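What follows is one structure encoded as structure tokens, with my remarks underneath.
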Amino acid sequence: MRPLLLAPLVVLVACSGAKDVPLAEWNSPFSVQAASIENDTLNVTVQYGGGFREHAFRLVADEAATKSLPRQLPIRIEHESNGDMGRALIAEERAFDLRHLRDPSQGRIVLHLTGWDSPLEYVYLQ
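Structural data, given as structure tokens:
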């Protein structure tokens, strides 16, 4: 699979939390418990340790989609714990808008989410 000859796609979607946190701090541990796509939304159940502070998650796609049909795009979720040292095991659902990942020449794209074994097919109207 070869990447498109377009500039690499960089997508950052913040999901409730710090907006000006340096990139190096978006590496707090978590796991993906469930992932699905409904309409234009990626719904992910994340699990992490904490309990004292607000946590932020963002969706990142920093590579170009492949030329293969359907297009394939690796994506990942990054987590910022804001220094939360709590020991509670928290599981919650987070939602990410996928519309900016659409390929205008196609009606679907296969997303490969880091930490989730199954590909996720995003189907949309052109």
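The sequence shown lines up with residues 1101 to 1226 when you count with this note's numbering.
Beta carbons are placed, not taken as given, at the ideal position from N, Cα and C, and that holds for glycine.
In this text, all values refer to a predicted model and were calculated from it rather than measured experimentally.
The C-alpha of residue 1165 is placed about 6 Å away from the C-alpha of residue 1171. Remark: C-beta atoms of residue 1142 and residue 1225 do not approach each other more closely than 8 Å. Of the residues 1136, 1223, 1212, 1210, the one whose Cα lies closest to the Cα of residue 1195 is 1136. Taking a C-beta distance under 8 Å as the contact criterion, residue 1153 and residue 1184 qualify as a contact pair.
C-alpha of residue 1169 to C-alpha of residue 1144: approximately 25 Å in a straight line. As computed with DSSP, residue 1141 is found in a beta bridge with 1138, 1197.
Your pair residue 1192 and residue 1146 checks out as a contact, with CB atoms roughly 6 Å apart and the cut at 8 Å. In this structure, residue 1212 lies near residue 1175, with their beta-carbon atoms less than 8 Å apart.
DSSP, reduced to helix, strand and coil, places residue 1125 within a helical segment of the structure shown. By the neighbour-count definition (other C-beta atoms within 10 Å, threshold 16), residue 1178 is a buried residue.
Residue state for residue 1164 is assigned as coil, using DSSP reduced to three classes.
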